[in-house]
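Here's the structure we're looking at; comments come further down.
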Amino acid sequence: MNRFFLKAIVPIALVALLPMLSSAGPKQSSQAGKPATALDLTALKSVGSKSAPITIEVFSDYQCPQCRIFYLETARQLMQTYIPAGKVYYVHRDFPLSMHSHSREAARWASAAALAGVFETAEQTLYTKQEDWGATGKIDDALSSAISPADMKKVRMIEATQGPQIDAAIASDMALGNSRGVNGTPTIYVFHKGQMTPLPPGGVNYSLLKQYIDYLLQQH
Amino acid sequence: MSQASPIAIERPRTRSNLRFLLVAGRVLLGVVFLYAAYAKLHFNGSWHLGDYYFLFAMGIDSYKMVPLGIVVWMARILPWIEVAVGALLVVGVGVRWAALCVTGLLVMFMVALTHAALGGLEINCGCFGNNSVKPSHELILDAGLLAVALAVTVGGFFSRRAGKSQA
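So the sequence lines, in the order shown, correspond to chains D and C. Sequential numbering from 0 applies to the first sequence in numbering that gives the first Met the number 0. Sequential numbering from 0 applies to the second sequence in numbering that gives the first Met the number 0.
Laid out in structure tokens, this is it:
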């Protein structure tokens, strides 16, 4: 009787489970077929707390000299002063300009570094060593000098295997920039109380940006 | 019965045409300066009377011509100077001095714009707040406005002198 019961119940159970198994199949394949939109690197390429009262969004090109100046003279000080205090959320957006031969490749490496969890080091290295890799195109070498071999191995693997997804993420940043009329770098937006304010193009002096941020923080 | 000579008729007509052009010129200059001030004080859909100068100071600083202390000071007062001279020109009060002030401002703007264009600075001129165009384009506009401002200034001083000599 028990054997008969088992013989009857197993096929019924299999038939019942079959639709569930078959519906799981296409779901996996549809996720694999979503190369562009599935990869959102915004959080990985941002610094600070998302709940900060001020968000600063910067569209930049790693090979652009003005972006380098902005990063070294303004952004770093901004990050040191306001991000630990939870007052500013700093968002990096890729906007590689076609006039720079290696900037798109640099953005790809920086995105791979973001996926490997070493974005801040990669960004800093790309700007500080901009003249070196900008002339030779050897971005891998420049990053290797600052990122540990283990992390660099991860970055290389991600860059090699997730290239199309990363390219799609860069294209998504560019599309956002184009929709706002960005036509040069760095282009900086300040978000405060739901209002988006574009700053004058070409980079901003830290002292002036600090005065503006302090003023906005006083409005709370 | 005497007939007026054609020259005698022509002179007042030319004078009134000239006067009309000068009035149109000063009103145009006034409107442009009022709009320039408005664009600096009103953006993102609201007035920014408390914080307009932060953004304008960043714009002035992008020319890399003057020290930061002066940049902030200029950013604070320049829109209000534009309001004052713009209003005077539109209303027609103190036209000579307002036009002279506008001429001086335009010369100053053109020096800055030339500096930016020659230096290859990829900046917006900041003249009309966020609606500003590239310095090279703005230079052409300012050159036209300078010609009008000079005409209004010279015309204003000449008409004043003519009025005095008649008296």
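Even glycine gets a Cβ: it sits at the ideal position worked out from N, Cα and C.
| task | Please indicate yes or no: does the CB of E158/D lie closer than 7 Å to some heavy atom of the ligand SAH? | result | Judged by which ligands are present, the structure shown has none, so any question about the ligand SAH falls away.
| Measuring CB to CB, does G133/D end up less than 8 Å from Q62/D? | yes
| request: State the beta-bridge partners of T196/D as determined by DSSP. | output: V189/D
| request: Within the region 105-134 of chain D, note down every full beta strand (DSSP E) run reaching 3 residues or more, in order along the chain. | output: none
| message | Between G180/D and chain C, is the shortest Cβ-Cβ distance under 8 Å, so that the two count as touching? | response | Proximity of G180/D to chain C, defined by a Cβ-Cβ separation below 8 Å, is not satisfied.
| message | Please confirm whether L198/D has its beta-carbon closer than 8 Å to some beta-carbon of chain C. | response | yes
| message | Pull the bridge partners of I53/D from the DSSP assignment, please. | response | Per DSSP, V87/D, H191/D.
| message | Counting only beta-carbon separations shorter than 8 Å, does W120/C have a partner in chain D? | response | For the sequence presented, residue 120/C should be read as Leu rather than Trp. So, interface residue.
| query | Do we get a CB-CB distance below 8 Å when we pair F108/C with the residues of chain D? | reply | no
| query | For D172/D, which residues of its own chain have a beta-carbon under 7 Å away from its beta-carbon, when the five flanking residues on both sides are left out? | reply | Excluding sequence neighbours, D172/D sits near R92, D93, F94.
| request: With DSSP collapsed to three states, give me the class of H136/C. | output: helix
| message | Using a Cβ-Cβ cutoff of 7 Å, what residues of the region 199-219 of chain D are near chain C? List them in chain order. | response | P199, P200, G201, V203, N204, S206, L207, Q210, Y211, Y214
| task | Name the two residues that bound the continuous alpha helix (DSSP H) containing R100/C. | result | In the sequence as presented, Arg is not what sits at residue 100/C; that position holds Cys. 94-117 is the span of the alpha helix (DSSP H), which, as asked, contains C100/C.
| request: Compare the C-alpha of R25/C against each of F157/C, F156/C, A150/C and name the closest. | output: A150/C
| field | Contact between the region 117-125 of chain D and the region 137-152 of chain D (3+ Cβ pairs under 8 Å) | value | The region 117-125 of chain D is in contact with the region 137-152 of chain D.
| said: Would you call the region 174-188 of chain D in contact with the region 75-94 of chain D, where contact means no fewer than 3 C-beta pairs closer than 8 Å? | reply: yes
| said: Quick check on the burial criterion: 16 or more other C-beta atoms within 10 angstroms. Buried or exposed for N182/D? | reply: exposed
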